[in-house]
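Worksheet: the structure to be examined is printed underneath.
Protein chains: 4
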Amino acid sequence: MPMAEREPSPRKGSRTAARVRASALKLFARHGYAAVSMRQIASDVGVQPSALYNHFPTKQDILKDLMLSHMRDLLDAWPPFADEAGQSADPLDVFVRFHIRYHLQRREEVFISYMELRNLEPESFAEVEAERRRYESILKAILEDGQKSGAYRIADTGVAARAIIAMLTGIPNWYRENGPLSADKIEEIYLEMVRGSVAATPLTASIESD
Amino acid sequence: MPMAEREPSPRKGSRTAARVRASALKLFARHGYAAVSMRQIASDVGVQPSALYNHFPTKQDILKDLMLSHMRDLLDAWPPFADEAGQSADPLDVFVRFHIRYHLQRREEVFISYMELRNLEPESFAEVEAERRRYESILKAILEDGQKSGAYRIADTGVAARAIIAMLTGIPNWYRENGPLSADKIEEIYLEMVRGSVAATPLTASIESD
Amino acid sequence: MPMAEREPSPRKGSRTAARVRASALKLFARHGYAAVSMRQIASDVGVQPSALYNHFPTKQDILKDLMLSHMRDLLDAWPPFADEAGQSADPLDVFVRFHIRYHLQRREEVFISYMELRNLEPESFAEVEAERRRYESILKAILEDGQKSGAYRIADTGVAARAIIAMLTGIPNWYRENGPLSADKIEEIYLEMVRGSVAATPLTASIESD
Amino acid sequence: MPMAEREPSPRKGSRTAARVRASALKLFARHGYAAVSMRQIASDVGVQPSALYNHFPTKQDILKDLMLSHMRDLLDAWPPFADEAGQSADPLDVFVRFHIRYHLQRREEVFISYMELRNLEPESFAEVEAERRRYESILKAILEDGQKSGAYRIADTGVAARAIIAMLTGIPNWYRENGPLSADKIEEIYLEMVRGSVAATPLTASIESD
DNA sequence: AATGAATGAGTGTTCATTCAT
DNA sequence: TATGAATGAACACTCATTCAT
């Protein structure tokens, strides 16, 4: 694929679609899909509203594009290279660190993906949901492996996977880059909690053994 | 058609405000605040749009009313009576069971309270946030007590409280009343996970002791 | 039907729907349905565009209303009282005079009814077409009677009915109230032509007998 | 993909103007000038909207081109060769047959020419109207000749010419190629009616002589 | 001769809200 | 307490047209 893949030509304004995506991402994350008008997006891009329709047939298509490409990027980024994932080779650790890092880097995409699902038309919704389940199943498989090896003790791996993802995904809601906790520290805290939540010998064991 | 047409409630129309609240709750939860019009609410209530303004000065006030009263109801419901909370007297158990039960019973209120925060005007937002922090601080206090007593081992009780609440609050997103898991079973699963996540001797303890 | 049928009250603006109809009639006739905007209608009525929607759910409904009520009024007006129809008791004469008079009085309705058929949605189109056929069948029945009695000589009464109506309906296209020909004179001219076109012994008879 | 991609016509695209005319004709006839967009025409031609402006300076010019060339083609086609006109040498017969045949062959042009007059700018309107009057005057002259010779009895030849043309021009509105009546049969029926409508001794003569 | 991107005005329609009744 | 009619701003989207390439 040598030259064929190049854009037709780096024409003036040929990056408008990308700028529309960026503006819509920012505005949808901030105010919600339904509360953002095409006029606002156009104005943020620095273009007339009608120009948006040269790049996206409807407002809904912008949302769909953002959500689908987020899920695909997320899945494409997995698995992370070993050196990215840090010193630990434990799969659950790798997943937790990966998820936190990725979600703190793409806060707006994440936020939209969780908030605007109901504003997707049924067909796009189904596509996004399928990707989401693919992602969940990565964690689920890790939990199942750990359960088989006896490292984890989990009543329902599907529920546990969702619980863990919910816990991790809540981070960007309150995390502030210049807050008291570094991203690394947060990673450590959550890693510990996640490990504990699926550990083979939790506190309850000792209680129950009383 | 003499009496049959009377409303079940004593004075017809006297409960309109309540019906507005109920309709708005349902519609906001389903479609989002910004995507629901006063006309839709009115139509659901069975009244003309202008009639809504006899009960709420603006659309925004309906949202504020729903969110504030939800937070206040939630805080009023705590602490649950002992017999409601079940056999366990452990405060963390009580909180987890209470949270799951309450949130599964009031799914729409919960959903709105997490989704529509950004659609609140700053002043109302601050009020709701204050209530939310009060609620978080209940759990935070429990975690701190456990940490002092040595029962829990927690790096940051504030982070842990938020992590646990995020994990629990995700349940209504996927829980189906006629699904394979009963509410009781879910309670048990999450209880175990939460206990593990804060347990004094998790899996990592043994690892670290290597 | 003593009091119940009265309008709720002769409120201010309660005649807006009628004024919308009148404005739309005038504007559609002048510029065509597709070329007239709701804003133009509203401005002609002296109201904001959004106010139109209190009276007609869509622009299409205004057109439908105009066309259907025109056809119904036309059919309701038939048959004319004897004294209206003039001295002649011949049914064809009565029809021709009636048609010309009615169509010269309601030029705008007539014009719209012929020009804007294709802008009707299929369902409304079918309704209007049904009324049109009912009207054509009045003339067709007259022609059939005349044919049976031997007064007329007609190859196909359906075709003849349509031909006559087309001929008559073209009048308002060029008729000017202050032109050289009075409505009465036009009536006489067309009456003669129509009679001739269906006469039992036309010119061709003598030609053919050569 | 060497040669297969070439258009059938000698130079690809060289006939675009003609294809624009054909598409616009079809679409204007079907939906009306005002309801057809340049985008629709372009899409029907298989070209981008901006390409249309290489061939016609404005949308209005397409309409003007279609209407003027129709009227000119119609006038150019008159008089028909004798053998085309059929066995009859009577000028009125020749005209009626010619008109019906021509109008059944060019239904779309005819339809547009009658429907879209009001969408022409005044200047083009005047041009088309002049052509129309030239055409009417052909029939008017025939009627005047017949009147002078005593063959016809006509109160107003201008009115009669318009009446006859209106009657004939209505045919394409209901004629269906695969309907029960052949074009030839329709010709005969209308011919008879037209003859009768201007005949020197119509039915009324005998009635009045009673 | 054709394209892709843009414009600025305009489309039908909906919005939250007001107000006399 | 409810209504019907109105407002003025806004909505997503389309329009005919332009222009650099």
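Residue numbers (this note's numbering), protein chains in the order written: chain A, 281 to 490; chain B, 281 to 490; chain C, 281 to 490; chain D, 281 to 490. Glycine included, every Cβ here is placed at the ideal spot set by N, Cα and C. Bear in mind the structure is a predicted one, so any value in this text is a computation, not a measurement.
Buried versus exposed, by CB contacts within 10 Å (16 or more), residue i
i                 : result
ASP373 of chain D : buried
ARG301 of chain B : buried
TYR432 of chain A : buried
ARG286 of chain D : Low confidence applies to ARG286 of chain D: its pLDDT is 41, below 50, so where it sits in the model is not reliable enough to give any reading.
GLY293 of chain D : The predicted position of GLY293 of chain D is uncertain, since its pLDDT is 45 and thus under 50; a value taken from the coordinates is nonetheless stated next. Classification of GLY293 of chain D: exposed, given that the 10 Å Cβ count is below 16.
ALA463 of chain B : exposed
GLU488 of chain D : Reliability fails at GLU488 of chain D, whose pLDDT of 40 lies under 50, so the model's placement of it is uncertain and the value that follows must be treated cautiously. Exposed: under 16 other Cβ atoms inside 10 Å.
ARG319 of chain C : exposed
GLY450 of chain A : buried
ASN399 of chain B : buried
LYS420 of chain C : buried
TYR394 of chain C : buried
LYS344 of chain D : buried
ALA446 of chain B : buried
GLU467 of chain C : buried
PHE361 of chain A : exposed
ALA298 of chain A : exposed
ARG295 of chain C : exposed
ALA369 of chain B : exposed
ALA228 of chain A : With chain A represented from 281 up to 490, any question about residue 228 of chain A goes unanswered, as that position is not in the structure.
GLU396 of chain B : buried
The ligand COA heavy atom lying under 7 Å from the CB of residue i
i                 : result
GLU401 of chain A : Judged by which ligands are present, the structure shown has none, so any question about the ligand COA falls away.
Under 7 Å from the C-beta of residue i: neighbouring residues of chain A
i                 : result
HIS350 of chain B : Result: empty, since nearest Cβ-Cβ is about 18 Å, beyond 7 Å.
VAL300 of chain B : Per Cβ cutoff of 7 Å: no residues; VAL300 of chain B is ~20 Å from chain A at best.
Neighbouring residues, chain D, relative to residue i (Cβ below 9 Å)
i                 : result
GLY450 of chain C : ARG442, ALA443, ILE445, ALA446, MET447, THR449, GLY450
Neighbouring residues, chain A, relative to residue i (Cβ below 8 Å)
i                 : result
ALA304 of chain B : Chain A residues near ALA304 of chain B: none, gap ~15 Å exceeds 8 Å.
Within chain B, partners of residue i - CB distance below 8 Å
i                 : result
GLY459 of chain A : The premise fails here: GLY459 of chain A is roughly 11 Å from chain B at the closest Cβ pair, so nothing lies under 8 Å.
For residue i: DSSP bridge partner residues
i                 : result
TYR491 of chain A : The structure shown does not extend to residue 491 of chain A, since chain A is modelled only from 281 to 490, so the question has no answer here.
Neighbouring residues, chain B, relative to residue i (Cβ below 7 Å)
i                 : result
GLN454 of chain A : It should be pointed out that residue 454 of chain A corresponds to Trp in this sequence rather than to Gln. What TRP454 of chain A touches in chain B: ARG442.
Chain B contacts from the stretch 366 to 383 of chain A (Cβ-Cβ distance under 7 Å): none
Interfacial residues, the stretch 462 to 476 of chain A to chain B, with Cβ spacing under 9 Å: LYS465, ILE466, GLU468, ILE469, TYR470, LEU471, GLU472, MET473, VAL474, ARG475, GLY476
Contact list for the stretch 380 to 414 of chain C against chain D, Cβ threshold 8 Å: MET395, ARG398, ASN399
Within 7 Å of chain D by C-beta, residues of the stretch 314 to 325 of chain C in sequence order: ALA314, ALA315
Interface positions of the stretch 327 to 348 of chain D facing chain C (Cβ-Cβ less than 9 Å), listed along the chain: none
Stretch pair the stretch 405 to 422 of chain C + the stretch 435 to 449 of chain D: three plus CB contacts closer than 8 Å: no
Contact set between the stretch 435 to 446 of chain B and chain A, restricted to residues whose Cβ is under 7 Å from the partner: ALA435, ASP436, VAL439, ALA440, ARG442, ALA443, ALA446
Any 3 or more C-beta pairs closer than 8 Å across the stretch 389 to 397 of chain B and the stretch 338 to 357 of chain B: yes
Cβ pair count under 8 Å reaching 3, the stretch 304 to 320 of chain A against the stretch 310 to 324 of chain B: yes
The stretch 468 to 475 of chain A in contact with the stretch 472 to 482 of chain B per 3-pair CB rule at 8 Å: yes
Members of the stretch 419 to 434 of chain D near chain C, C-beta cut-off 9 Å: ALA431, TYR432, ARG433, ILE434
Three-pair Cβ contact test at 8 Å for the stretch 412 to 428 of chain A versus the stretch 326 to 344 of chain A: no
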